[in-house]
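Working notes, structure below.
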Amino acid sequence: MRLILLAVLLLAIVLGGIWFYGYWTTGRFVESTNDATIQADAVIVSPKVGGYVEEVFVSDNQTVKQGDPLFRIDARDYTARVAQAQAQIDAAQATATGVRAQIAEQQAAVAAARAQLASSESDLKFARATAERYRALAATGAESRETLAEKQSQFERAQAAVTARRADLASAQRRVTTLQAQVGQALAQAEGGEAQRAAADVDLNSAIITAAIGGRIGNKTVQQGQFIQPGTRTMSIVPVEQLYIQANFKETQLGLLRPGQPVTIEIDALPGVELQGKVESLAPGTGAQFSLLPPENATGNFTKIVQRVPVRISLIANAQTRALLVPGMSVTASVDTRAARGALDELRQQQQAQPQVQAAN
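Per the UniProt record's numbering, numbering through the sequence shown is continuous, rising by one, with the last residue being 361.
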């Protein structure tokens, strides 16, 4: 009996030593939490335009690729808007063409008015010279005053004719300017129509809603014949190939957690199966800081509660395993922090050295 007890005692000591060795070298550096779930950055599908759903191409849980059509909205209204915008463009361009023809005609009228003005100015020059000559002759008595009065009248009529021709030329030129402004207005209307057509084309193309990413369809609420408004939530696309773990570690566990550290993952849905992962990043605040109503500890009584910080962990698994996983599943994540085990000791040494440096200074 004593030998049996001694053997049991020795076995217990050996097993205890093995456990202690494992704890001292590895176990004390492993930080674990069961406050962890599988996550995926799902995309909510919402239409840009509203209308009656004409056809739905997918069903719940179906796998889709990026760019696959999901459903189609009745596009007749948007097709009509495109046609209306095109008609406005055509009308504006036709107006511009017609006004350009009027400008050509008016420019011919300007040329004719300029020629008439030149002829009238030539007549005025001749009438002025004639009147001056007859004025000199009348002063010597060589010509009668009646003849002088007639020549003076011709000169005045020539002056009036030049004034009238100048007015006609200015009017014709103003008409050209007015027509050119009308062309500019018509072209501006055409540009406005093109902008409306571009917007209508965008709405028309948006009547067919496609998958922004690849994944599986979930939470589908849209049905054929349903009227939906722009921005209505119709379904979600879960990128099952891009699953990750969000583990909420206590703040007391974060001292040695660093990006890149290996993680052992146990999934409740797959008992006995261990997956591997890697720490990607730590959140820039505790979960409470990003809640809808962050706690305000400056008022009322204060009760200290250990906070938790979300840690993102990448999941290393093959396609066969990923097919068994869905967002929301509970997991247990254990991070091996041995790579950073000297970080706290180094920090303590730096703090201890600071008072000595300050005293020396």
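Think of the CB as a built atom: it goes at the ideal place given N, C-alpha and C, for glycine as much as any other residue.
Three-state secondary structure (DSSP) of residue i
i, result
"D336", "strand"
"Q206", "It is Ser, not Gln, that sits at residue 206 in the sequence shown. It is coil, neither helix nor strand."
"A190", "helix"
"F29", "helix"
"A36", "strand"
"G255", "coil"
"K125", "helix"
"R72", "strand"
"S171", "helix"
"L282", "strand"
"S119", "helix"
"K250", "strand"
"L9", "helix"
"V331", "strand"
"T232", "coil"
"V64", "strand"
"T264", "strand"
"G272", "coil"
"G225", "coil"
Close-in-space but distant-in-sequence residues of the same chain around residue i (CB under 7 Å, 5 per side omitted)
i, result
"residue 362", "With the chain running from 1 to 361 in the structure shown, residue 362 is simply not present."
"D68", "T210 and A211"
"P294", "A288"
"I208", "P69 and R72"
"A172", "Q106, A109, V110 and A113"
"R100", "V183"
"Q86", "R197"
"Q93", "A190"
"G260", "K278 and V279"
Contact check, residue i vs residue j, beta carbons under 8 Å
i, j, result
"L243", "I38", "yes"
"A40", "P327", "yes"
"E251", "V306", "yes"
"I313", "A269", "no"
"V222", "V56", "yes"
"A323", "L275", "no"
"V263", "G277", "yes"
"residue 362", "V176", "Residue 362 is absent from the model: the chain starts at 1 and stops at 361."
"I213", "A36", "no"
"Q62", "I267", "no"
"A190", "I89", "yes"
"G225", "V53", "yes"
"S206", "K48", "yes"
"L315", "I265", "yes"
Residue range of the alpha helix (DSSP H) that includes residue i
i, result
"residue 418", "Nothing about residue 418 can be reported from this structure: the residues present for the chain run from 1 to 361 only."
Same chain, Cβ closer than 6 Å to residue i, neighbours up to 5 away in sequence not counted
i, result
"N34", "T332"
"G215", "I237, V238, P239 and V240"
"A42", "S236 and V238"
"K220", "D60 and M235"
"Q320", "none"
"F227", "Y52"
"D168", "A113"
Where the beta strand (DSSP E) containing residue i begins and where it ends
i, result
"S291", "Where S291 is concerned, there is no enclosing beta strand (DSSP E), given that its DSSP letter is neither H nor E."
"S314", "R308 to I316"
"G260", "Here G260 belongs to no beta strand (DSSP E), and DSSP marks it neither H nor E."
"G215", "G215 to G218"
"G51", "G51 to V56"
"M1", "Note, M1: premise wrong, no beta strand (DSSP E); not H, not E."
"S236", "M235 to V238"
"P305", "In the sequence on display, residue 305 carries Ile and not Pro. Unbroken run through I305: none, as it is neither H nor E."
"V45", "V43 to V45"
Same chain only: Cβ atoms within 8 Å of residue i, ignoring 5 sequence neighbours per side
i, result
"L257", "E31, F249, V279, L282, V311, V335, T337 and A340"
"Q229", "G50"
"F29", "L256, D336, T337, R338 and R341"
"G285", "V309"
"R166", "L117"
Any non-hydrogen atom of the ligand MG within 7 Å of residue i CB
i, result
"G16", "Inclusion of the ligand MG in the displayed structure is not the case, the ligand content being empty and no account of it being possible."
Cutoff 8 Å: residue i Cβ touching any chain C Cβ
i, result
"R145", "Of the chains in the structure shown, none is chain C; there is only one protein chain."
- Task: May I ask you to verify whether the segment 148 to 168 touches the segment 177 to 184, counting CB pairs closer than 8 Å and requiring at least 3?
- Result: no
- Query: Taking three-plus beta-carbon pairs below 8 Å as touching, is the segment 70 to 80 in contact with the segment 121 to 135?
  - Reply: Contact between the segment 70 to 80 and the segment 121 to 135 is absent, because fewer than three Cβ pairs lie under 8 Å.
- If we count Cβ pairs, one from each stretch, closer than 8 Å, do we get three or more for the segment 79 to 95 versus the segment 191 to 206? yes
- Task: Could you tell me whether the segment 106 to 123 touches the segment 184 to 191, using the rule of 3 or more Cβ pairs below 8 Å?
- Result: These segments do not touch.
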